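So the sequence lines, in the order shown, correspond to chains G and B.
For the first sequence, this note's numbering assigns the number 258 to the last residue and increments by one with no breaks.
For the second sequence, this note's numbering assigns the number 258 to the last residue and increments by one with no breaks.
Don't be surprised by glycine CBs; every beta carbon is placed ideally from N, CA and C.
Since the model is a prediction, treat every value here as computed from it, not as a measurement.
These notes are about the structure you will find just below.
There are 2 protein chains.
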Amino acid sequence: MSDHGPGGLAAGGGAPAQAGAGRPPDVPGGPHGGSRGVPGGATVAEARRGQMLRAALDVICERGFADTRIADIAERIGISPALVIYYFKTKDQLLTEAIRHYEDAWYAEVRRRLDELPTAALRLEEFVAMNLLPDGDPELASNWLLWLDFWVQAARNPDVASVRRKSDERWRDVIVSLVVAGQEAGEFAGIDPQRFAIFLSALLDGLTVQIALEDPVVDPVSAFELCMRYIADNLRFDWNPSGRAHVTGTPVRGQPGR
Amino acid sequence: MSDHGPGGLAAGGGAPAQAGAGRPPDVPGGPHGGSRGVPGGATVAEARRGQMLRAALDVICERGFADTRIADIAERIGISPALVIYYFKTKDQLLTEAIRHYEDAWYAEVRRRLDELPTAALRLEEFVAMNLLPDGDPELASNWLLWLDFWVQAARNPDVASVRRKSDERWRDVIVSLVVAGQEAGEFAGIDPQRFAIFLSALLDGLTVQIALEDPVVDPVSAFELCMRYIADNLRFDWNPSGRAHVTGTPVRGQPGR
DNA sequence: ATTTCTAGACTGAACATTCAGTCAGGACTC
DNA sequence: GAGTCCTGACTGAATGTTCAGTCTAGAAAT
Numbered sequence: 001m002s003d004h005g006p007g008g009l010a011a012g013g014g015a016p017a018q019a020g021a022g023r024p025p026d027v028p029g030g031p032h033g034g035s036r037g038v039p040g041g042a043t044v045a046e047a048r049r050g051q052m053l054r055a056a057l058d059v060i061c062e063r064g065f066a067d068t069r070i071a072d073i074a075e076r077i078g079i080s081p082a083l084v085i086y087y088f089k090t091k092d093q094l095l096t097e098a099i100r101h102y103e104d105a106w107y108a109e110v111r112r113r114l115d116e117l118p119t120a121a122l123r124l125e126e127f128v129a130m131n132l133l134p135d136g137d138p139e140l141a142s143n144w145l146l147w148l149d150f151w152v153q154a155a156r157n158p159d160v161a162s163v164r165r166k167s168d169e170r171w172r173d174v175i176v177s178l179v180v181a182g183q184e185a186g187e188f189a190g191i192d193p194q195r196f197a198i199f200l201s202a203l204l205d206g207l208t209v210q211i212a213l214e215d216p217v218v219d220p221v222s223a224f225e226l227c228m229r230y231i232a233d234n235l236r237f238d239w240n241p242s243g244r245a246h247v248t249g250t251p252v253r254g255q256p257g258r
Numbered sequence: 001m002s003d004h005g006p007g008g009l010a011a012g013g014g015a016p017a018q019a020g021a022g023r024p025p026d027v028p029g030g031p032h033g034g035s036r037g038v039p040g041g042a043t044v045a046e047a048r049r050g051q052m053l054r055a056a057l058d059v060i061c062e063r064g065f066a067d068t069r070i071a072d073i074a075e076r077i078g079i080s081p082a083l084v085i086y087y088f089k090t091k092d093q094l095l096t097e098a099i100r101h102y103e104d105a106w107y108a109e110v111r112r113r114l115d116e117l118p119t120a121a122l123r124l125e126e127f128v129a130m131n132l133l134p135d136g137d138p139e140l141a142s143n144w145l146l147w148l149d150f151w152v153q154a155a156r157n158p159d160v161a162s163v164r165r166k167s168d169e170r171w172r173d174v175i176v177s178l179v180v181a182g183q184e185a186g187e188f189a190g191i192d193p194q195r196f197a198i199f200l201s202a203l204l205d206g207l208t209v210q211i212a213l214e215d216p217v218v219d220p221v222s223a224f225e226l227c228m229r230y231i232a233d234n235l236r237f238d239w240n241p242s243g244r245a246h247v248t249g250t251p252v253r254g255q256p257g258r
C-alpha cells in the first residue's frame, strides 16, 4: 500500500494468476484448494500459503502494516522473497489476504468456543474476553494492534473495507443472536438487541484501542470488567469479576429497555 | 516512518538544527517562536511552518499517514520538496509535529467552545458533538481518519505515543471535570466520574472508528444520539435528540451509580 | 543615494537507498 | 522429463535527503 504510483491498491478481489511468464501454484479467491497436478490433496502449496499468511500477520503486528516488507516475511520463514511473489502475485494481495485470513480464523474460533458454552451469559462473557483479554492461542494471539492497522487499511482499500464491513456485520450479528437467545431463555432483560449490539461493538472497539496502545489507566482486565459490568447491568444478569457469569435466579423478560 | 533502516523513528523531541552546511530557520521543540533576525515577530518562517503543518494534515487525511510523501505536501503549497525538509529536518519530524499540532488545536478549540456554554449538560453535549458530528471549522474539519492514523503511529513511534497518552489524559480530565461540575451543580447523578470518563472515552473512540470507516449502520448522527442517550441516562438528566440538553427540574445528587 | 554585503528563504538537480516485482534457471518429485 | 517448487541476481521506479547556488530585502558602508 505504500509503493508505486498513486492509489497503489491492488486490483479487485480474486484476480487470478498472471498470463505469461510465471507458473503460479494456487489461485486464492475462495476456500477451494485446487491441488493441481499432485494427487492426494493440499500438499506443499497450501502449507506454504498458510505459513506465509501467518508470517505476514506476525510481521504486520511487529512493524505495522505499512512498514511490512515482503523480505521480512520471507526471511521469517527462511525463504526467498521471490517465492512470496510466486504464491501471491503482489504484496498487496498477500497483506490483504492475511488480514482476511486472520479475521476468518478469529471468527471461526469465536463460534467454536461459544458453541461449547451452555448459557448465553457465559457465551457473552467469553465473547468479550476474546476481544479484550490476552489469549493463549498463538494463532489468534492478542494482536490488538492488528485491528488498528486493519481499520486504517479499510479506510482506503476498498477490498479491505468490504472485509471489515462484513466482519463488523457478523460481529454484531453474534451479539444480537446471543442477546436474543439469552432473552428467550429468560436470562436477559428485554432490551433492544440491535441497539445493544451497536453500542457494545463500539465499546469493544474503543477499549481495544486503549488496550492496544497500552493506555496506563485501561489494562485488559479492567477493560474486561468495565465492559462486563455494563453488560450485566443492562441485560440484568448476575456477574462478578472473580468468577464466571451466573444466570439470575428469577428470570426477567419483556422488561422495557432501561 | 517508512524510510531508511529499522527503527527509522525520528530522534528525540526537539533535536535542533544540523551543524554544518545549511542555515535552518527556526527550531521547534516548543511553543516559542524565535523570530530570529527580523524584529517585530513571527514572520515568514512561522507562517510557512503553519502552512506546511496544515498541508501535511490535509494530505495525511487524504492519502493516509503512511502514504504521505513530502512531495505531496510541497506540491499542495506550491513549493519545492527541499523547502519542506529545510523547515523540518526530516519527514518524520514534520508528520509527527503535524499530528501534535492538530491535537493541540483540537483541544484548544474544545476548551474554547465549552467555556462559552452555561451548563455542564450542554458542555458535555458539545464535547460529544465535537467528537462525533461533522464540524464546520475547516481547521479541525471532521478528520476522523486522522485519529486512526494517529493511533497506528502511536503504537510504534514513542514520540507520537507520548502525545497520544497526554491527549487521552486531558481528554478524560475534561470529562471528569465536566461530570464533577455537573454533580456539584446538581445537574448530574453522583456516579463515579473517573469510571465514567474511561467508559465514555472508550465509547467515543469506538464510535469514531465506526464513523471514520463509514459503517453502514452507524452514521454520525445516530452515534451521537446513542452516546448522548447513554450519558443522559447515566447522569440522569433530560435529553432529547432534536433539541439541546436540558437540566432536569429536580436536582438529583448523591444517587448511587446504578 | 548608491553600492556593497549578508543572511534567510528557496529551488533544481543530483544522490542514495529501499523495495516490489522479473527472470532465467536449478533442484526435486512424480 | 514434465511439472512443481524454489532461488539468486537483477531492474525500475519511487522518494527522502543533500547540495550548491539563486534571489530578495534589509543593513552597513561609502
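{"Item": "CB contact below 8 Å: residue 140(B) versus chain G", "Value": "no"}
{"Item": "Residue burial classification, residue 201(G) (beta-carbon count within 10 angstroms, cutoff 16)", "Value": "buried"}
{"Item": "Simplified DSSP assignment, three categories, for residue 238(B)", "Value": "strand"}
{"Item": "Residues near residue 263(G) by beta carbon distance below 7 Å, same chain, minus five either side", "Value": "Outside the displayed span of chain G (1 to 258) sits residue 263(G), for which this structure offers no information."}
{"Item": "Every unbroken alpha helix (DSSP H) inside the segment 64-115 of chain B [4 residues or more]", "Value": "70-77, 81-87 and 91-115"}
{"Item": "Beta-carbon gap between residue 232(B) and residue 182(B) smaller than 8 Å", "Value": "no"}
{"Item": "Nearest candidate by alpha-carbon position, reference residue 203(G), set 227(G), 216(G), 54(G) and 219(G)", "Value": "227(G)"}
{"Item": "Helix, strand or coil at residue 119(B) [DSSP, three-state]", "Value": "coil"}
{"Item": "CB contact below 8 Å: residue 236(G) versus chain B", "Value": "no"}
{"Item": "Cβ neighbours of residue 172(G) in the same chain (closer than 6 Å, five flanking residues each side left out)", "Value": "197 and 201"}
{"Item": "Between the CA atoms of residue 240(G) and residue 222(G) - distance to the nearest angstrom", "Value": "13 Å"}
{"Item": "Local conformation of residue 212(B) per DSSP, three classes", "Value": "helix"}
{"Item": "Per-residue DSSP class, three states only, for residue 131(B)", "Value": "helix"}
{"Item": "Interface partners of residue 198(B) on chain G, CB under 7 Å", "Value": "217, 218 and 226"}
{"Item": "7 Å Cβ cut-off: residues of chain G touching residue 168(B)", "Value": "215"}
{"Item": "Residue burial classification, residue 259(B) (beta-carbon count within 10 angstroms, cutoff 16)", "Value": "Only positions 1 to 258 of chain B appear in the structure, and residue 259(B) is not among them; the question remains open."}
{"Item": "Whole-angstrom C-beta distance between residue 160(G) and residue 99(G), which should lie under 8 Å", "Value": "6 Å"}
{"Item": "Whole-number beta carbon distance between residue 117(B) and residue 109(B), since they are thought to touch under 8 Å", "Value": "With 8 Å as the limit, residue 109(B) and residue 117(B) do not qualify as a contact, their Cβ atoms being about 13 Å apart."}
{"Item": "Enclosing alpha helix (DSSP H) for residue 150(B) [first to last residue]", "Value": "144-156"}
{"Item": "Test: residue 151(G) CB closer than 8 Å to a CB of chain B", "Value": "yes"}
{"Item": "Proximal chain B residues relative to residue 154(G), where beta-carbon distance stays under 7 Å", "Value": "213"}
{"Item": "Interface partners of residue 48(G) on chain B, CB under 7 Å", "Value": "Ordered by position in chain B, no residue passes the 7 Å Cβ test against residue 48(G), which lies about 26 Å from the chain."}
{"Item": "Interface residues of chain G facing residue 82(B) [CB-CB closer than 7 Å]", "Value": "None at all; the shortest Cβ gap to chain G is about 22 Å."}
{"Item": "Helix, strand or coil at residue 186(B) according to DSSP, with G and I counted as helix", "Value": "coil"}
{"Item": "Under the three-state DSSP convention, the category residue 192(B) falls into", "Value": "coil"}
{"Item": "At least three beta-carbon pairs within less than 8 Å, the segment 86-99 of chain B to the segment 46-65 of chain B", "Value": "yes"}
{"Item": "Residue-chain proximity (residue 209(B), chain G), Cβ-Cβ < 8 Å", "Value": "yes"}
{"Item": "Spatial neighbours of residue 83(B) in its chain, beta-carbon cut-off 7 Å, leaving aside the 5 residues before and after", "Value": "74"}
{"Item": "Cβ-heavy atom distance, residue 155(G) to the ligand PLP, below 7 Å", "Value": "Absent from the structure shown: the ligand PLP. Ligands present: none."}
{"Item": "Cα-Cα separation, residue 86(B) to residue 44(B)", "Value": "14 Å"}
{"Item": "Burial state of residue 64(G), where buried means 16 or more other Cβ atoms lie within 10 Å", "Value": "buried"}
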